[in-house]
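Student: Have a look at this one before I ask anything.
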Amino acid sequence: MEDPAKSSRSFTIAIFSALVVLAILRGCSSHDPAKPSGPLAEIQGVPAVEAAPAEPAIVPTAEPSEPVKPLPIPPKPLPVPPAVEPSVAIRIGTVAKSEAIRITHGSGRLLISLQRADAGELPWSATTPIEIRAVKGGWQVTSSAQRTRAFSPGELAVRCADEGRCAIEWNARAWPGQLRLVLDDQEIDIVMDVPMESYLPGVIAKELYGSWCEAAFEAQAIAARSYAVVEEARWEGRRHYDMVAGQQSQAWIGATDNVKAIQAVRNTRGELLVHDGSVVPTYYSSACGGRPASAFGVLTDNPFHDIAPVAAGEGSPRAVCCQSTAVATWKVSIPLAVIQVRLERWATANGRPDIAGLQVPSAIEAVDKNATGRPTLLRIRDRKGQSATIAAEDFRRAINAASDAKTNMRSSDCSIRISGSAADISGRGFGHGVGLCQHGAQEMGRKGKSCQQILARYYPSAMIVKAWR
Numbered sequence: 002m003e004d005p006a007k008s009s010r011s012f013t014i015a016i017f018s019a020l021v022v023l024a025i026l027r028g029c030s031s032h033d034p035a036k037p038s039g040p041l042a043e044i045q046g047v048p049a050v051e052a053a054p055a056e057p058a059i060v061p062t063a064e065p066s067e068p069v070k071p072l073p074i075p076p077k078p079l080p081v082p083p084a085v086e087p088s089v090a091i092r093i094g095t096v097a098k099s100e101a102i103r104i105t106h107g108s109g110r111l112l113i114s115l116q117r118a119d120a121g122e123l124p125w126s127a128t129t130p131i132e133i134r135a136v137k138g139g140w141q142v143t144s145s146a147q148r149t150r151a152f153s154p155g156e157l158a159v160r161c162a163d164e165g166r167c168a169i170e171w172n173a174r175a176w177p178g179q180l181r182l183v184l185d186d187q188e189i190d191i192v193m194d195v196p197m198e199s200y201l202p203g204v205i206a207k208e209l210y211g212s213w214c215e216a217a218f219e220a221q222a223i224a225a226r227s228y229a230v231v232e233e234a235r236w237e238g239r240r241h242y243d244m245v246a247g248q249q250s251q252a253w254i255g256a257t258d259n260v261k262a263i264q265a266v267r268n269t270r271g272e273l274l275v276h277d278g279s280v281v282p283t284y285y286s287s288a289c290g291g292r293p294a295s296a297f298g299v300l301t302d303n304p305f306h307d308i309a310p311v312a313a314g315e316g317s318p319r320a321v322c323c324q325s326t327a328v329a330t331w332k333v334s335i336p337l338a339v340i341q342v343r344l345e346r347w348a349t350a351n352g353r354p355d356i357a358g359l360q361v362p363s364a365i366e367a368v369d370k371n372a373t374g375r376p377t378l379l380r381i382r383d384r385k386g387q388s389a390t391i392a393a394e395d396f397r398r399a400i401n402a403a404s405d406a407k408t409n410m411r412s413s414d415c416s417i418r419i420s421g422s423a424a425d426i427s428g429r430g431f432g433h434g435v436g437l438c439q440h441g442a443q444e445m446g447r448k449g450k451s452c453q454q455i456l457a458r459y460y461p462s463a464m465i466v467k468a469w470r
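The sequence shown begins at 2 in this note's numbering and counts up one residue at a time.
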């Protein structure tokens with residue numbers, strides 16, 4: 002007998018694909034922004050999760066900040082495991098077009114060239130530090146010897162002159178791989194093109210505490226690798242980078258000498274989580290609070306991501322998952338006036354006039370929950386009797402758009418009580434709650450569970466596959 006859930010997912014994908022084809026036939030074009038904007042990064046609208054100083058970073062996501070959202074980009078199917086180690090393009094920073102970019106390297110020499118194969122300009126070997134400026138007609142590069150060379154317009158590549166391991170230094174950090182400068186309107190994106198296995202140690206070193214167990218590090222390595230493979234495939238041909246070096250994608254500190262992180266990546270080299278022949282979009286967060294969320298409908302509208310490994314299964318709360326962490330439960334009190342202002346800003350930026358028009362809230366309550374009891378939809382009522390609904394995770398994004406950690410929500414798994422001029426919020430966990438729970442993984446590892454057992458718990462029905470050697 003056909004699985005009803007699987008049939009439903011297939012129907013959803015078919016309808017979505019039909020709409021995309023119809024849009025193309027009508028002459029419409031799907032716009033994909035060159036870079037994520039606003040406080041969140043798009044996965045098909047995945048939210049960024051703010052990190053508290055004492056907690057590991059968590060995976061995030063984005064949403065456009067335009068008042069009217071553009072047509073969604075057509076969803077891509079999940080990729081099959083690549084047979085050869087891929088490289089990923091990581092945007093490590095953005096500077097104003099007028100700003101000089103200073104780059105150096107330990108050997109004292111760098112090769113600079115246009116990225117285009119047909120550029121017809123030979124690489125220039127320059128002594129470091131070098132200074133690069135965007136000028137009328139292209140680029141101007143000045144070496145430490147005060148020699149200057151002009152380059153035509155296009156993406157400018159900077160790589161090490163010496164063979165072997167190499168890290169290019171920019172902004173007080175060392176970054177493995179080749180650096181690429183991309184002029185985008187009035188800004189310059191700084192992108193590192195780096196082999197996957199060279200990229201991962203700097204992710205793991207940032208995501209987890211150094212004192213955590215080997216099994217948690219290895220589980221995180223496989224999750225981070227799988228996530229990166231999916232992102233690389235999703236953005237191929239759509240923009241000039243795959244991820245950012247931060248919580249809009251995965252935290253990344255560049256080159257690292259963290260032995261535990263390096264060893265975890267080596268021990269799991271080429272290993273990916275796979276479901277039905279495709280790589281799993283392995284979202285993860287700091288602490289799920291015991292009640293996981295589903296990727297589809299919370300982090301993404303891509304129907305191809307509506308799969309069992311990243312879904313909150315029927316009646317599957319994670320008992321005693323991350324109770325030892327300081328964010329297993331939490332409380333925060335936020336002035337109602339602050340909530341109104343933040344909701345209005347978010348609603349204006351995201352085309353929700355019904356929410357933008359609300360006055361000071363008089364009640365905020367959950368009107369829908371997932372199978373584990375985690376709120377998914379909230380209703381906001383104001384003092385004039387007006388009301389509107391908002392996805393629980395969108396509510397958290399709106400509240401957390403400000404940088405004031407004292408009035409931010411650590412997760413959307415919470416209850417809200419209006420008391421006088423403030424909203425008293427009691428919650429559990431830290432982050433979106435999809436996929437791997439980092440604190441839960443550490444708890445399992447501390448109790449002797451293996452990397453494989455950890456991943457089996459947090460990505461049920463997924464298999465670990467050795468994709469490349």
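Just so it is clear, CB atoms sit at the ideal spot from N, CA and C, and this is done for glycine as well.
Small disclaimer: the values here were computed from a predicted structure and weren't measured.
Under a three-way DSSP split, which group does Arg346 fall into?
Tutor: The residue labelled residue 346 in the question sits at position 345 within the sequence shown. If DSSP states are grouped into helix, strand and coil, Arg346 belongs with the helices.
Student: Do His440 and Val299 have their beta-carbon atoms positioned less than 8 Å apart in this structure?
Tutor: Here residue 299 is taken as the residue at index 298 of the sequence shown, counted from 1. Here residue 440 is taken as the residue at index 439 of the sequence shown, counted from 1. No.
Student: Since Arg380 and Val361 should fall inside the 8 Å C-beta cutoff, what is the C-beta to C-beta distance between them, to a whole number of angstroms?
Tutor: Taking the first residue of the sequence shown as position 1, residue 380 is located at position 379. Taking the first residue of the sequence shown as position 1, residue 361 is located at position 360. That pair is no contact at about 15 Å.
Student: Below 8 Å on the Cβ atoms is my guess for Pro293 versus Tyr460; work out the distance and round it to an integer in Å.
Tutor: Against the sequence shown, residue 293 aligns to sequence position 292. Against the sequence shown, residue 460 aligns to sequence position 459. 11 Å between Cβ atoms; not a contact.
Student: Tell me the residue span of the beta strand (DSSP E) that contains Ser416.
Tutor: Start at 1 with the first residue of the sequence shown, and residue 416 comes out as number 415. Run containing Ser416: 415-420, per the beta strand (DSSP E) assignment.
Student: Which parts of the segment 93-174 are runs of the beta strand (DSSP E), unbroken and 3 residues or longer, counting only runs that do not cross its ends?
Tutor: Runs found: 102-104, 110-115, 125-128, 131-136, 139-143, 149-152, 157-161, 168-171.
Student: State the beta-bridge partners of Pro336 as determined by DSSP.
Tutor: Residue mapping note: residue 336 aligns to position 335 of the sequence shown, counting from 1. In the DSSP output, where bridge partners are listed per residue, Pro336 has Ala423.
Student: Give a yes or no on whether the C-beta atoms belonging to Cys161 and Ser99 are separated by under 8 Å.
Tutor: For the purposes of this step, residue 161 is identified with residue 160 of the sequence shown, where counting begins at 1. For the purposes of this step, residue 99 is identified with residue 98 of the sequence shown, where counting begins at 1. No, they are not a contact pair.
Student: If we ignore side chains and look at the alpha-carbon of each, how far apart do Ala234 and Ala225 end up?
Tutor: For the purposes of this step, residue 234 is taken as the residue at position 233 of the sequence shown. For the purposes of this step, residue 225 is taken as the residue at position 224 of the sequence shown. Going from the Cα of Ala234 to the Cα of Ala225 covers about 14 Å.
Student: Candidates Ala168, Gly271, Ala222: which alpha carbon is nearest Arg110's?
Tutor: In the sequence shown, residue 110 corresponds to position 109, counting from 1. Selected option, being the one with the closest Cα: Ala168.
Student: Taking buried to mean at least 16 other C-beta atoms within 10 Å of its own C-beta, is Pro177 buried or exposed?
Tutor: Here residue 177 refers to the residue found at position 176 of the sequence shown. Per the 10 Å Cβ criterion, buried.
Student: Could you tell me how far apart the beta carbons of Ala135 and Lys207 are, in whole angstroms, since I believe they sit closer than 8 Å?
Tutor: Taking the sequence shown and counting its residues from 1, the one referred to as residue 135 is at position 134. Taking the sequence shown and counting its residues from 1, the one referred to as residue 207 is at position 206. Between Lys207 and Ala135 the Cβ distance is about 30 Å, and since that is not below 8 Å, they are no contact.
Student: Assign Arg353 to buried or exposed, taking buried as 16 or more other Cβ atoms, counted over all protein chains shown, within 10 Å of its Cβ.
Tutor: Your numbering for residue 353 matches position 352 in the sequence shown. Answer is buried; the Cβ neighbour count reaches 16.
Student: In its own chain, which residues sit with a C-beta less than 7 Å from the C-beta of Ala262, not counting the 5 before and 5 after it?
Tutor: For the purposes of this step, residue 262 is taken as the residue at position 261 of the sequence shown. Around Ala262: Pro202, Ile205, Ala206, Phe218.
Student: DSSP on Trp213, reduced to helix/strand/coil?
Tutor: Working through the sequence shown from its first residue, we reach residue 213 at position 212. If DSSP states are grouped into helix, strand and coil, Trp213 belongs with coil.
Student: Verify whether the separation of the beta carbon atoms of Thr1 and Glu170 is less than 8 Å.
Tutor: The requested residue 1 is not part of the displayed model; the chain covers only 2 to 470.
Student: Do you know how far the Cα of Val231 is from the Cα of Ala463?
Tutor: Taking the sequence shown and counting its residues from 1, one reaches residue 463 at position 462. Taking the sequence shown and counting its residues from 1, one reaches residue 231 at position 230. Cα-Cα distance, rounded: 15 Å.
Student: Please check the pair Val183 and Glu215, which I expect to be a contact at CB under 8 Å, by giving their CB distance rounded to whole angstroms.
Tutor: The count along the sequence shown starts at 1 and reaches residue 183 at position 182. The count along the sequence shown starts at 1 and reaches residue 215 at position 214. Incorrect: roughly 38 Å between the Cβ atoms, too far for contact.
Student: Using the Cβ count rule (16 or more neighbours within 10 Å means buried), how would you classify Pro304?
Tutor: Here residue 304 refers to the residue found at position 303 of the sequence shown. Buried.
Student: With a cut-off of 8 Å, do at least 3 Cβ pairs link the segment 124-133 to the segment 269-285?
Tutor: Short answer: they don't touch.
Student: If we ignore side chains and look at the alpha-carbon of each, how far apart do Asp258 and Tyr200 end up?
Tutor: Here residue 258 refers to the residue found at position 257 when the sequence shown is read from its first residue. Here residue 200 refers to the residue found at position 199 when the sequence shown is read from its first residue. Each residue's alpha carbon lies about 13 Å from the other.
Student: Grab me the residues of Arg429's own chain with a C-beta within less than 6 Å of its C-beta, minus the 5 sequence neighbours each way, in chain order.
Tutor: Along the sequence shown, read from residue 1 onward, the residue named residue 429 stands at position 428. Cβ within range, chain order: Gly290, Thr330, Asp414.
Student: Could you check which residue in Phe396, Gln147, Arg117, Arg103 has the C-alpha nearest to that of Ile133?
Tutor: Within the sequence shown, residue 133 is the residue found at index 132, counting from 1. The residue with the shortest Cα to Cα distance from Ile133 is Arg103.
Student: Beta-carbon within less than 6 Å of Thr283's beta-carbon, same chain only, minus the 5 sequence neighbours each way: which residues are those?
Tutor: Counting from one through the sequence shown, the residue named residue 283 turns up at place 282. Only Ala224, Ser227, Tyr228, Leu274, Gly436 meet the Cβ criterion.
Student: Could you check which residue in Tyr210, Arg239, Arg148, Ala97 has the C-alpha nearest to that of Ala90?
Tutor: In the sequence shown, the residue the question calls residue 90 occupies position 89. The shortest Cα separation from Ala90 among Tyr210, Arg239, Arg148, Ala97 belongs to Arg239.
Student: Does the segment 340-348 come close enough to the segment 388-401 that 3 or more CB-CB pairs lie under 8 Å?
Tutor: A contact exists between the segment 388-401 and the segment 340-348.
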